[in-house]
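Undergrad: As given, the protein sequences belong to chains Z and V, one line each in that order. When you read off a place in the first sequence, starting at 1, and then add 44, the result is the number in the working numbering. When you read off a place in the second sequence, starting at 1, and then add 1104, the result is the number in the working numbering. Below is one structure. I have some questions about it.
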Amino acid sequence: MSLDTKTVNNIAFLARIKVEDERLDHLAGELSAILDWIEQLAEVDTEGVLPMTSVAEATLPWRKDVVNDGGYPERVLANAPEREDGFYTVPKVVE
Amino acid sequence: MSAALTDLTLAQARDALAGGEVTALELTDAHLAAMEGARELNAFITETPEIARQRAKDSDGRRAKGEAAGPMDGIPIAIKDLFCTEGVLTTAGSHILDGFTPPYESTVTQNLKDAGAVMLGKTNLDEFAMGSANVTSYYGNVINPWKGAQAKDLVPGGSSGGSAAAVAARLCTAAIGTDTGGSIRQPASFCGIVGMKPTYGRCSRWGTVAFASSLDQAGPMTRTVRDAAILLGAMAGHDPKDSTSAPVALPDFEAALSGDIRGLKIGIPKEYRVENMPDEIEALWKQGVEWMKEAGAETVEVSLPTTKYALPTYYIVAPAEASSNLARYDGVRYGLRIPGNTLDEMYENTRGEGFGDEVQRRILIGTYVLSAGYYDAYYLKAQKVRTRIAEDFRAAFEAVDVILTPTAPSTAFAIGEKMDDPVAMYLNDVFTVPASLAGLPGISVPAGLSGDGLPLGLQLIAKPFAEDTLFRAADVLESAAGFDGRPK
Chain Z
45 MSLDTKTVNN IAFLARIKVE DERLDHLAGE LSAILDWIEQ LAEVDTEGVL PMTSVAEATL
105 PWRKDVVNDG GYPERVLANA PEREDGFYTV PKVVE
Chain V
1105 MSAALTDLTL AQARDALAGG EVTALELTDA HLAAMEGARE LNAFITETPE IARQRAKDSD
1165 GRRAKGEAAG PMDGIPIAIK DLFCTEGVLT TAGSHILDGF TPPYESTVTQ NLKDAGAVML
1225 GKTNLDEFAM GSANVTSYYG NVINPWKGAQ AKDLVPGGSS GGSAAAVAAR LCTAAIGTDT
1285 GGSIRQPASF CGIVGMKPTY GRCSRWGTVA FASSLDQAGP MTRTVRDAAI LLGAMAGHDP
1345 KDSTSAPVAL PDFEAALSGD IRGLKIGIPK EYRVENMPDE IEALWKQGVE WMKEAGAETV
1405 EVSLPTTKYA LPTYYIVAPA EASSNLARYD GVRYGLRIPG NTLDEMYENT RGEGFGDEVQ
1465 RRILIGTYVL SAGYYDAYYL KAQKVRTRIA EDFRAAFEAV DVILTPTAPS TAFAIGEKMD
1525 DPVAMYLNDV FTVPASLAGL PGISVPAGLS GDGLPLGLQL IAKPFAEDTL FRAADVLESA
1585 AGFDGRPK
């Protein structure tokens, strides 16, 4: 599988990672090499095999649908790069 | 006994503390001094001497009142900087977590704190635990205390490279790491120590920075198998805060070390060989088989036909999960923020600058294999192959109790090698990844030295939650190998 720079650019956008144009070529080569190597999985017969969804043979536990944590905005916001009046702040999203 | 305080194993330190021959503070100060004298290894990102000395004093206070909490009380340990520690910088080796000081403690480190263990500091690691050589940390490379015949600076393995180097160099009595595809076992092999990955679900993942949630497990890194058994006992246990934490009883792992493996069936998988694997690794493996036979075990050849597909499977599953887990680093709630004119630009700038090359590669691969049109061909296919890998192990374990393999296909290599070929770097984990994908417990035991004078480990793998059997077999292997674990 060979990825072109346009595809890499699009993946980078989906992942919200800024990749400078001059890095795209090199990155496309690296990612293509990794995908080429992964292609060998096509050799494995998986006809009728169920995809693994959990490595542990366990049923997920249930708990009461109640609030059991919270009530400490100061601790939650303690690491915020920018904050105001008990909220995180981000660049304006509505014009 | 002052000169030898840093040489004590965990079990010896425990006994010396219990017998009043040494105080926790003396033990802690000896290690803090050793850390200061070995900063060129770059094993620690953050040293926490004030916390260490306070906890050591508290431990001595408890002991004086006859209230020592158990075997870990007063033992100085190092914590991989992937575990959130309340009030102490937690970086995951990444620029993107700049300044992050968790307001909470991970369950594993809380368990250790409750057991009285003394935290010496947070150890260096590959960024977000993604790497096999500890060369992707924002905080610089870790240097292996072993130099070998070439007298070069070598990698300690990864991703728990700082923990492995610190244990080998006697900067801590023991350390904890995490293992997603080999990140405890492979550095243990490279540094000549014991490294153990428990069964998936044995240790809580709550408060541990997530890489690939279906694979991540915390585990002990120590100088002896007995120490690993003691340390795991203090780390593990069911935790309602992690829904994948297993509600199973915690056995006394140390009590399992009977020294008797007569009649134990040990599987030797014929597929655990790779191109260009040094003859000395093959020879050590054969030697391991002989040691186990001499101890009364029965060895059986087993087949794990999907072994060669484990690594490419892992490199779909782990990046896919990582791309999802690492979506949370957006510059909004914690860590680095690089401004942008729009919200998307701020995300892109922050993540472009905050993540290193290897983390970016894995997020991009993960995003691609999960994207519309490629999900079935890559991700779903990998999940099916993963089922087959687990089935191979299940079938093998119908005939045997444990499986013996080499831990890694090479010894520690020089810093800078394999850097321009991601796939060559990935091959380091070829023997550790299969057990990870199947959720099985595995342990690397130092078993010998290469011709260049570098440590080599052998790996044992057991059935789910059969850590007691795993430790029993590993203890016998360790005794037979008689490894002298001092770096040179």
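Cβ coordinates follow ideal geometry from the N, Cα and C atoms, glycine included. Bear in mind the structure is a predicted one, so any value in this text is a computation, not a measurement.
With burial defined as no fewer than 16 other Cβ atoms inside 10 Å of the residue's Cβ, what is the status of SER98(Z): buried or exposed?
TA: In the first sequence, residue 98(Z) corresponds to position 54, counting from 1. Classification of SER98(Z): exposed, given that the 10 Å Cβ count is below 16.
Undergrad: Is the distance from the Cβ of ASP1579(V) to the Cβ of LEU1388(V) below 7 angstroms?
TA: By 1-based counting over the second sequence, the position of residue 1579(V) is 475. By 1-based counting over the second sequence, the position of residue 1388(V) is 284. The answer is no: Cβ separation not under 7 angstroms.
Undergrad: Between PRO1423(V), SER1241(V) and ALA1512(V), which has its C-alpha nearest ASN1380(V)'s C-alpha?
TA: Against the second sequence, residue 1380(V) aligns to sequence position 276. The candidate whose alpha carbon is nearest that of ASN1380(V) is ALA1512(V).
Undergrad: Using the Cα positions of VAL1605(V) and ALA124(Z), report the straight-line distance between them to the nearest angstrom.
TA: Nothing can be reported for residue 1605(V): it is not among the residues displayed for chain V, which extend from 1105 to 1592.
Undergrad: Below 7 angstroms between beta carbons: does that hold for LEU1319(V) and SER1540(V)?
TA: Position 215 of the second sequence, counted from the first residue, corresponds to residue 1319(V). Position 436 of the second sequence, counted from the first residue, corresponds to residue 1540(V). Cβ atoms of LEU1319(V) and SER1540(V): closer than 7 angstroms.
Undergrad: Quick one: which chain Z residues come within Cβ less than 9 angstroms of ARG1465(V)?
TA: Working through the second sequence from its first residue, we reach residue 1465(V) at position 361. In chain order: LEU71, GLU74, LEU75 and ILE78.
Undergrad: I'd like the span of the beta strand (DSSP E) that includes GLU1226(V), first residue to last.
TA: Numbered from 1 along the second sequence, position 122 holds the residue referred to as residue 1226(V). For clarity, residue 1226(V) is Lys in the given sequence; the question names Glu instead. LYS1226(V) -> beta strand (DSSP E) spans 1222–1227.
Undergrad: Residues in the region 1434–1457 of chain V with C-beta within 8 angstroms of chain Z's C-beta atoms, listed in sequence order?
TA: Per Cβ criterion, the list reads ASP1434, GLY1435, VAL1436, ARG1437, TYR1438, GLY1439, LEU1440, ARG1441, PRO1443, GLY1444, ASN1445, THR1446, LEU1447, ASP1448, GLU1449, MET1450, TYR1451, GLU1452, ASN1453, ARG1455, GLY1456 and GLU1457.
Undergrad: If we ignore side chains and look at the alpha-carbon of each, how far apart do HIS1342(V) and ILE1183(V) end up?
TA: By one-based count along the second sequence, residue 1342(V) stands at place 238. By one-based count along the second sequence, residue 1183(V) stands at place 79. For HIS1342(V) and ILE1183(V), the distance between alpha carbons rounds to 20 angstroms.
Undergrad: On the three-state DSSP scale, how would you describe MET1325(V)?
TA: Here the question's residue 1325(V) lines up with position 221 in the second sequence. Three-state result, MET1325(V): strand.
Undergrad: Return helix, strand or coil for LEU1145(V), following the three-state DSSP convention.
TA: Taking the second sequence and counting its residues from 1, one reaches residue 1145(V) at position 41. Helix at LEU1145(V).
Undergrad: Name the two residues that bound the continuous alpha helix (DSSP H) containing ILE1247(V).
TA: Here residue 1247(V) refers to the residue found at position 143 when the second sequence is read from its first residue. Unbroken run through ILE1247(V): none, as it is neither H nor E.
Undergrad: Could you tell me which residues DSSP puts in a beta bridge with PHE131(Z)?
TA: Working through the first sequence from its first residue, we reach residue 131(Z) at position 87. In the DSSP output, where bridge partners are listed per residue, PHE131(Z) has GLU128(Z).
Undergrad: Please state whether DSSP places MET1300(V) in a helix, a strand or coil.
TA: Here residue 1300(V) corresponds to residue number 196 of the second sequence, with the count starting at 1. Reduced to three states, the DSSP call for MET1300(V) is strand.
Undergrad: Measuring straight from C-alpha to C-alpha, what distance separates THR1127(V) and ALA1120(V)?
TA: Position 23 of the second sequence, counted from the start, is the residue given in the question as residue 1127(V). Position 16 of the second sequence, counted from the start, is the residue given in the question as residue 1120(V). Distance between the alpha carbons of THR1127(V) and ALA1120(V) is about 8 angstroms.
Undergrad: Strictly below 8 angstroms CB to CB, what residues from chain V border GLU126(Z)?
TA: Indexing the first sequence from 1 puts residue 126(Z) at position 82. Under the 8 angstroms cutoff, chain V gives ARG1441.
Undergrad: Could you tell me whether the Cβ atoms of GLY1252(V) and LEU1560(V) are closer together than 7 angstroms?
TA: Taking the first residue of the second sequence as position 1, residue 1252(V) is located at position 148. Taking the first residue of the second sequence as position 1, residue 1560(V) is located at position 456. Cβ distance not < 7 angstroms, so GLY1252(V) and LEU1560(V) don't count as in contact.
Undergrad: Name the one or two DSSP bridge partners that PRO1180(V) has.
TA: Residue mapping note: residue 1180(V) aligns to position 76 of the second sequence, counting from 1. For PRO1180(V), which the question treats as bridged, DSSP gives the partners VAL1222(V).
Undergrad: Using a Cβ-Cβ cutoff of less than 6 angstroms, which residues in the same chain neighbour ILE1334(V) once the five nearest sequence positions on both sides are dropped?
TA: By one-based count along the second sequence, residue 1334(V) stands at place 230. Closer than 6 angstroms at Cβ, skipping near neighbours: LEU1114, PRO1175 and GLU1358.
Undergrad: Please state whether the Cβ-Cβ distance between TYR1472(V) and ILE82(Z) is less than 7 angstroms.
TA: By one-based count along the second sequence, residue 1472(V) stands at place 368. By one-based count along the first sequence, residue 82(Z) stands at place 38. Cβ distance not < 7 angstroms, so TYR1472(V) and ILE82(Z) don't count as in contact.
Undergrad: Once you ignore the five residues that flank ALA1503(V) on each side, which residues in its own chain have a CB closer than 8 angstroms to its CB?
TA: Residue 1503(V) sits at position 399 when you count from the first residue of the second sequence. Only LYS1369, GLY1371, VAL1404 and VAL1406 meet the Cβ criterion.
Undergrad: Would you verify that the beta carbon of GLY1543(V) is, or is not, closer than 7 angstroms to some beta carbon of chain Z?
TA: Locating residue 1543(V) in the second sequence gives position 439, where the first residue counts as 1. Closer than 7 angstroms to some Cβ of chain Z, the Cβ of GLY1543(V) qualifies, so yes.
Undergrad: Am I right that LEU1224(V) and LEU1136(V) are in contact with their C-beta atoms under 8 angstroms? What's the rounded C-beta distance?
TA: The count along the second sequence starts at 1 and reaches residue 1224(V) at position 120. The count along the second sequence starts at 1 and reaches residue 1136(V) at position 32. Contact holds; Cβ gap of about 7 angstroms.
Undergrad: Which first and last residues belong to the alpha helix (DSSP H) in which ALA1117(V) is found?
TA: Your numbering for residue 1117(V) matches position 13 in the second sequence. Here the alpha helix (DSSP H) through ALA1117(V) covers 1114–1122.
Undergrad: Closer than 8 angstroms is the cut-off here; do at least three beta carbon pairs connect the region 1253–1261 of chain V with the region 1308–1326 of chain V?
TA: No contact exists between the region 1253–1261 of chain V and the region 1308–1326 of chain V.
Undergrad: Quick one: what does DSSP say VAL63(Z) is sitting in, helix, strand or coil?
TA: As a first step, residue 63(Z) must be located in the first sequence, where it is residue number 19. Three-state result, VAL63(Z): coil.
Undergrad: Note down, in chain order, each residue of its chain lying with its Cβ closer than 8 angstroms to the Cβ of THR1573(V), except the 5 sequence neighbours on either side.
TA: On the second sequence, residue 1573(V) is found 469 positions in, with the first residue counted as 1. The residues are ALA1360, LEU1368, ASP1505, VAL1506, ALA1566 and LYS1567.
Undergrad: Checking contacts by CB at 7 angstroms: is LYS62(Z) closer than that to chain V?
TA: Within the first sequence, residue 62(Z) is the residue found at index 18, counting from 1. Interface residue, yes.
Undergrad: Which parts of the region 1238–1297 of chain V are runs of the alpha helix (DSSP H), unbroken and 4 residues or longer, counting only runs that do not cross its ends?
TA: Qualifying alpha helix (DSSP H) stretches, in chain order: 1265–1272 and 1289–1295.
Undergrad: Please state whether DSSP places VAL1393(V) in a helix, a strand or coil.
TA: Sequence index remark: in the second sequence, residue 1393(V) carries index 289 (1-based). Correct three-state label for VAL1393(V): helix.
Undergrad: Of all the residues that make up the region 1564–1590 of chain V, which are near chain Z by a beta-carbon distance shorter than 8 angstroms?
TA: Per Cβ criterion, the list reads PRO1568.
Undergrad: Show which residues of chain Z have a CB atom less than 8 angstroms away from the CB atom of PRO1526(V).
TA: Residue mapping note: residue 1526(V) aligns to position 422 of the second sequence, counting from 1. Simply GLU74, ALA77 and ILE78.
Undergrad: Report all residues from its chain with a CB closer than 7 angstroms to the CB of PHE1535(V); omit the five preceding and five following residues, and keep chain order.
TA: The count along the second sequence starts at 1 and reaches residue 1535(V) at position 431. Answer for PHE1535(V): TYR1376, THR1509, PRO1510, THR1511, ALA1512, PRO1513 and GLN1563, listed in chain order.
Undergrad: Are the C-beta atoms of LYS1485(V) and some chain Z residue less than 7 angstroms apart?
TA: As a working note, residue 1485(V) is residue 381 in the second sequence. Chain Z contact via Cβ: present.
Undergrad: Please work out which residues of its chain come closer than 6 angstroms, Cβ to Cβ, to LEU75(Z), disregarding the five sequence neighbours upstream and downstream, and give them in chain order.
TA: Working through the first sequence from its first residue, we reach residue 75(Z) at position 31. Excluding positions up to five away in sequence, the list reads LEU47.
Undergrad: Whole angstroms is fine: what's the gap from THR51(Z)'s alpha carbon to PRO1443(V)'s?
TA: Position 7 of the first sequence holds residue 51(Z). Position 339 of the second sequence holds residue 1443(V). Approximately 26 angstroms, taken between the alpha carbons.
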